Amino acid sequence: MQDKKVAGFSKWSKADKLRWLTQNFTAQADAADAELRSFWHADERLQRTLDSFSENTVSNFHLPYGIAPNFVINGRTYAVPMVTEESSVVAAASSAAKYWAERGGFHSKVLGTVKLGQVHFLWHGCPEHLQRVFPLLEQRLRQDAAYLTANMEKRGGGILYIELLNLSSQEPSLYQLRAGFETCDSMGANFINSVLEAFETSLENFIQQCPDLPANERKVEVIMSILSNYTPSCLVSAWVECPVDHLGEPGRETEARAMAERFRMAVRIAQIDPYRAVTHNKGIMNGVDAIVLATANDFRAIEACAHAYAARDGQYRSLSRCTIEQGVFRFQLDIPLALGAVGGLTKLHPLAARTLEILGHPSASELMTIVAAVGLAQNFAAVRSLVTTGIQHGHMRMHLMNILQHLGATEAETAAACAWFADKVVSFSNVRDYLQQLRQSVAVPKL
Ligand code: MEV
12 MQDKKVAGFS KWSKADKLRW LTQNFTAQAD AADAELRSFW HADERLQRTL DSFSENTVSN
72 FHLPYGIAPN FVINGRTYAV PMVTEESSVV AAASSAAKYW AERGGFHSKV LGTVKLGQVH
132 FLWHGCPEHL QRVFPLLEQR LRQDAAYLTA NMEKRGGGIL YIELLNLSSQ EPSLYQLRAG
192 FETCDSMGAN FINSVLEAFE TSLENFIQQC PDLPANERKV EVIMSILSNY TPSCLVSAWV
252 ECPVDHLGEP GRETEARAMA ERFRMAVRIA QIDPYRAVTH NKGIMNGVDA IVLATANDFR
312 AIEACAHAYA ARDGQYRSLS RCTIEQGVFR FQLDIPLALG AVGGLTKLHP LAARTLEILG
372 HPSASELMTI VAAVGLAQNF AAVRSLVTTG IQHGHMRMHL MNILQHLGAT EAETAAACAW
432 FADKVVSFSN VRDYLQQLRQ SVAVPKL
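Count the sequence shown with our numbering and you get residues 12 to 458, in order.
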């Protein structure tokens, strides 16, 4: 078999990378080359910006940028940009937004904004000795990092605390410096990592020179320094509530009460059963990721943190909960969200900057409230469908549209197929057969 390994790829021109790629890994090199090029942005300057976000870039991968309007959050109305490839996510968010806009809107409150960083190190000595010199070490860490923290302090942030953790019962000689940070409107990853690396040097110097430690304990080995994406104290809560009877149309209160009870039970199941909880939380992240991506924040960090938080008591559970008390339905989501509204790609990516403009240039805290509300809306829409019509009802229309588009259906054929499949099972073969029959029989009347 031909060896397709390559050396020095990153240094090649974009055109050379494309040629090599398409000639070696696609069936029709010219067509593949042309297709990948066709997704380049017409504005060369903008394309260079996009290329610069990553490495070995040969094209752009487009995803739909949709809008969920009518999001009333803490009394303010937002049109929320959402980037997702999954059909029906934006429609579901929009429907939940409109529904709750008529019932008092979403409420959302930031409960904390602490970000975390860690220096993991090995130290061979008596734990009490290290504990005793820690206050001096902390002073030194802060002093040595002052040149990095000065600007953040002017903005109201900086190092909040530094702790020394002894992990030697789990791994001999293992210790950790764990620091809490306030990074204001930035996500703060660069800031935190720079401070941690400064800590690393200070720690080594301090231990080496510490007169209060016995000579044989003046050595430390730093293993690594990095921010933690688990930020349980960077937390936001979003909730909706209304009298149970207001959940349905006037005159259909009994139906509304039954729906509310089934809804509460569905959320309860996701608290009890991890298999359901993962799918339930995936529904929340459908909304969260879509807006996080539209702001060019790090959705992998947000995902990792949310799932760790969902398992914080040792079992993976629903991030949302629902109560019905004294006739009031309340549905709440608590989720850690370490987001930035400045820095990173938020300005560099033109559409991320546009998203933030559309959202009214929110602070990081306001962005947390918006994202949490979108996650809750998405969760509400999914669970409501599940306990009423079933999820396929809404999904199937989108699925049908995708199949019809794939099969090149005309507008008239699409309308006919939608009417035909309103009460029938949608599958690729069913739709293909239907279209074939339609095309073979009478001419489709123009709409
Ligand atoms: C599909 O992307 C998301 C749902 O499965 C979420 C849920 O089951 O709650 C519909």
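Just so you know, even glycine gets a beta-carbon here, dropped at the ideal spot from N, CA and C.
In this text, all values refer to a predicted model and were calculated from it rather than measured experimentally.
Counted as a single uninterrupted DSSP element, the stretch harbouring A249 is not any alpha helix (DSSP H) but the beta strand (DSSP E) occupying residues 246 to 254. Under DSSP, P92 shares a beta bridge with I78. The nearest non-hydrogen atom of the ligand MEV is less than 7 Å from the C-beta of K293. Residue state for W111 is assigned as helix, using DSSP reduced to three classes.
Here the alpha carbon of A103 sits roughly 29 Å from the alpha carbon of R323. With a threshold of 16 other beta carbon atoms within 10 Å, P373 meets it and is buried. For M163, the closest C-alpha among the options L57, V442, T194 is that of T194. Every alpha helix (DSSP H) stretch that sits fully inside the stretch 292 to 354 and reaches 4 residues is listed by chain position as 310 to 321.
Checking the 7 Å criterion, the Cβ of E97 is within range of a heavy atom belonging to the ligand MEV.
With respect to the 8 Å criterion, G262 and A190 are not classified as neighbours on the basis of their beta carbons. Sixteen is the threshold: since fewer than 16 other Cβ atoms of the shown chains lie within 10 Å of the Cβ of Q220, the residue is exposed. Collapsing the DSSP output to three states places E193 in a strand. For F210, the enclosing alpha helix (DSSP H) starts and ends at 200 to 220.
Listed in chain order, the non-local C-beta contacts of K28 below 6 Å within the same chain comprise V69, local neighbours out to five positions each way being set aside. In this structure, the ligand MEV has no non-hydrogen atom nearer than 7 Å to the beta-carbon of T399. The DSSP-derived three-state label of Q282 is helix.
Distances taken from the Cβ of N413 to the heavy atoms of the ligand MEV include none shorter than 7 Å.
With contacts defined as CB atoms closer than 8 Å, L359 and T60 qualify as a contacting pair. A contact between stretches requires three or more CB pairs, one per stretch, nearer than 8 Å, and the stretch 428 to 444 meets this requirement with the stretch 395 to 412. W23 and N71 have their C-alpha atoms some 18 Å from each other. Contact between N297 and T95 holds: their C-beta atoms lie close to 7 Å from each other, under 8 Å. About 13 Å separates the beta carbon of A364 from that of Y76, a gap too long to meet the 8 Å contact definition. The beta carbon of V125 is closer than 8 Å to those of L171, G191, F192, E193, T242, S244, C245 in its chain, skipping five residues each way along the sequence.
Setting aside the 5 residues that flank it on each side, R273 is surrounded in the same chain by V398, each with a C-beta closer than 6 Å to its C-beta; the list follows chain order. Of all alpha-carbon atoms in I313, V251, K16, the one lying nearest the alpha-carbon of A112 is that of V251.
A direct Cα-to-Cα measurement between T160 and V206 gives close to 8 Å. Assignment of R143 by DSSP, reduced to helix, strand and coil, places it in the helix class. Remark: the C-beta of V394 is in contact range of the ligand MEV, defined as less than 7 Å to any heavy atom.
Here the alpha carbon of A209 sits roughly 13 Å from the alpha carbon of L238. S236 is bridged by DSSP to V130. Comparing C-alpha distances from Q154 to each of S248, C137, I173 shows the shortest one belongs to I173. Between the ligand MEV and T290, a heavy atom-to-CB distance of less than 7 Å is present.
Of the other Cβ atoms in all chains shown, fewer than 16 fall within 10 Å of the Cβ of N227; this residue is therefore exposed. Taking the Cα positions, A26 is about 16 Å away from T37. Taking C-beta atoms as the reference points, G338 and V278 fail to come closer than 8 Å.
Judged by their CB atoms, V91 and T380 are not nearer to each other than the 8 Å cut-off.
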